[in-house]
Structures are given as structure tokens and as C-alpha cells.
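Worksheet for the structure shown next.
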Amino acid sequence: MYNDLKGKTVIVTGASRGIGLAIAKKFIEEGANVYDLDVISPTESIRELQYIRCDVSSLDDVKNAFDKIYSENKAVDVLINNAGVESFGTVTETELSEWNRILGINLTGSFLTSKYALKTMKNAGGVIEFISSIQAIIIQKRLAAYVTSKHALIGLMKSIALDYAPKVRSVAICPGSVRTPLLEWTAVQEVGNDKVKIDEKIREWGRLYPMQRVAEPDEVADLAVFLASERARYITGICIPFDGGLSIVLYESVPEK
Ligand SMILES: NC(=O)c1ccc[n+]([C@@H]2O[C@H](COP(=O)([O-])OP(=O)(O)OC[C@H]3O[C@@H](n4cnc5c(N)ncnc54)[C@H](O)[C@@H]3O)[C@@H](O)[C@H]2O)c1
0 MYNDLKGKTV IVTGASRGIG LAIAKKFIEE GANVYDLDVI SPTESIRELQ
50 YIRCDVSSLD DVKNAFDKIY SENKAVDVLI NNAGVESFGT VTETELSEWN
100 RILGINLTGS FLTSKYALKT MKNAGGVIEF ISSIQAIIIQ KRLAAYVTSK
150 HALIGLMKSI ALDYAPKVRS VAICPGSVRT PLLEWTAVQE VGNDKVKIDE
200 KIREWGRLYP MQRVAEPDEV ADLAVFLASE RARYITGICI PFDGGLSIVL
250 YESVPEK
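Going by numbering that gives the first Met the number 0, the sequence shown opens with residue 0, and the numbers climb by one from there.
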């Protein structure tokens, strides 16, 4: 428990499932007042989780959501920009409409929510976190729009860290694979809808990691809560790989003795 998060107003985008839901639950355990801004309703029934339907890429939706939150709270203390979508394709394979959709949700969505949160944070203080991706550091083929959006979030995070210091801290978490509906969807694209094959595919991906497994949403949530707490009061402007050691590995071996 970090006693300083009790009663704080926390917004988590995309908190209806996956990593966002795990983060929202941890903040609720800390006694925070937690809002979920998402396009789908929460997939678990949690009395304390305050759901507002909001497409983060829509200025009107974000404005309406923050109008409601500010009518109920003096300020926003913590914003977790988590909502994100993925799609496959190289630059030549990606239609402009798909590029705009991915960048609109992953990047512009975080810009819009940050803009509204900073209205009070710039004077009252606060923390803005970005759930970027290890794909902001090392990348896979055929993910051009996603990779670009996750790199760009690091620029947004650093701009906020510098422009609003020392009142506001801003950090990015860069997870490798995390077992969520999004990761399962990625596995389905490769092996189809067979649960056994999906589990095996995710275990296979896990074996690429020095830690020999993918991460659990709860583990990302532990870091997100720590970074929002007073214990992290000097941490700002950085992206933290959360990848079980993946990004230190070069898969090329030296000759055996
Ligand atoms: N799961 C992974 O392996 C992994 C790895 C690295 C980074 N990430 C990032 O973590 C974040 C969460 O991923 P996840 O795996 O929990 O995904 P998920 O698909 O399980 O959950 C994402 C949530 O975002 C919501 N969302 C989608 N579009 C939205 C919009 N326009 N407005 C508001 N909400 C919207 C979805 O409805 C969903 O509830 C994403 O930004 C993702 O890129 C995930």
C-alpha cells in the first residue's frame, strides 16, 4: 500500500479489460477514485470503477468525459494513457484510413486526455503515465503504424515531463508481451481460435524472454501504481522497458568452445 494515493482522482483509459483493468483495480485497492474511459463496458463488475463511455480519439468524447470528471472532482491527480489498438502492415500495406485510426487512438487519444488533465495538473501537480510498448525500443516487422505510434508516445511523454516540471511527472512503461485479450487476438491471427494452440503460441513467445514467460497484467499494474506514488517522486521523463530482459538480448551466438 502507498498511503498517498488514497482519495486521489485517477483516470485510466481503456480500463474495461486487459492491462488497463488491472491498473484500475490496483488503484482502487489503494483507495483512489478511479475512472475508466473506454469504448466498451467493463468486462468485470467492480462497484468502485466509474465507467464513462469515451472514444479517446474523439475530441467531443474526451471533452464530455472530463467535463463530468471535473464536475465531480476539483482536479485530476493521475492519468494513465493505456487505451491502444494494434494492426499489422508495412507502410505500403497500410491504408491512410488505418494509419489514421491507429495514430488517432494510440497517439492523439493520449494527447487529448493529457491536454484536459493538465488543465488542473499544471498548477495542482500530478502524474501522467503512458503505456507505450517495447516496440518503442525494438520492433517487429509489419507493424509500421503501431510501432510509429508507440515511439511517438515517448516524445509526448518527454515533452510533458519537460514542459510541466516540477509540478507534473510524466513516464512511459514499455511492456513486452503481456497476457491480455490483445495478445490473445495476436495469437489467434497466427493459429486460429483453438484455445490449446493459443496457449502454446503464447508460451512459445514467452520462451524468447530471459524470464521465460510473458508478463501478467497485474505485474504492469504494480509498476504503474508505484510510478504514480510518492516513492517515485524523482522519476520523470523516462521510458521503462518492462520486458523480462528481452531488449538486452541479441539472438546471434558466438562460436562454442
Ligand atoms: N498486451 C500486450 O502484450 C502489450 C504489450 C505492449 C504494450 N501494450 C499496450 O498496452 C495497452 C493495453 O493493451 P491490452 O493488451 O490491455 O489491450 P486490450 O485490447 O486487451 O485492452 C485495450 C482496451 O482499450 C480500449 N480501447 C480501444 N480503443 C479505444 C478507444 N478508441 N477509446 C477508448 N478505449 C479504447 C479497448 O476497448 C480495451 O478495453 C495498449 O496501449 C497496448 O498497445 C500491450
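Using N, Cα and C, we set each Cβ at its ideal position, and we do this for glycine too.
Could you give the C-beta distance for residue i and residue j, rounded to a whole number, given that I count them as a contact under 8 angstroms?
i: W204; j: V213; result: 6 angstroms
i: A164; j: S131; result: Contact flag wrong, Cβ pair sits at about 19 angstroms.
i: Y34; j: I68; result: 6 angstroms
i: I201; j: R178; result: 6 angstroms
i: N105; j: S44; result: Not a contact, Cβ separation roughly 28 angstroms.
i: K7; j: V77; result: 6 angstroms
i: G236; j: K114; result: So it is not a contact: roughly 19 angstroms between Cβ atoms.
i: D242; j: I133; result: 5 angstroms
i: K166; j: N122; result: 7 angstroms
Tell me the rounded alpha-carbon separation between residue i and residue j.
i: A82; j: A31; result: 20 angstroms
i: K62; j: V146; result: 27 angstroms
i: E92; j: N192; result: 25 angstroms
i: S169; j: G175; result: 20 angstroms
i: V11; j: S252; result: 42 angstroms
i: G19; j: G13; result: 6 angstroms
i: D217; j: C238; result: 19 angstroms
i: I27; j: V9; result: 9 angstroms
i: L95; j: K5; result: 44 angstroms
Tell me, please, which residues DSSP counts as bridged to residue i.
i: S87; result: Note that residue 87 corresponds to Phe in the displayed sequence, not to Ser. None, per the DSSP bridge assignment.
i: A171; result: F129, C238
i: L78; result: I10, I127
i: R230; result: Bridge partners of R230: none, in fact.
i: Y50; result: D35
i: A214; result: V177
What is the residue span of the beta strand (DSSP E) that residue i lies within?
i: G125; result: 125–130
i: Y34; result: 32–37
i: Q188; result: Here Q188 belongs to no beta strand (DSSP E); instead the alpha helix (DSSP H) covers 180–190.
From which residue to which residue does the alpha helix (DSSP H) around residue i run?
i: L102; result: 95–102
i: E145; result: It is Tyr, not Glu, that sits at residue 145 in the sequence shown. Run containing Y145: 143–162, per the alpha helix (DSSP H) assignment.
i: D60; result: 58–71
i: E29; result: Looking at the DSSP string, E29 is not in any alpha helix (DSSP H), and its letter there is neither H nor E.
i: G205; result: 194–205
Any heavy atom of ligand 2 closer than 6 angstroms to the CB of residue i?
i: V84; result: With respect to ligand 2, the structure offers nothing, as its ligand set consists of ligand 1.
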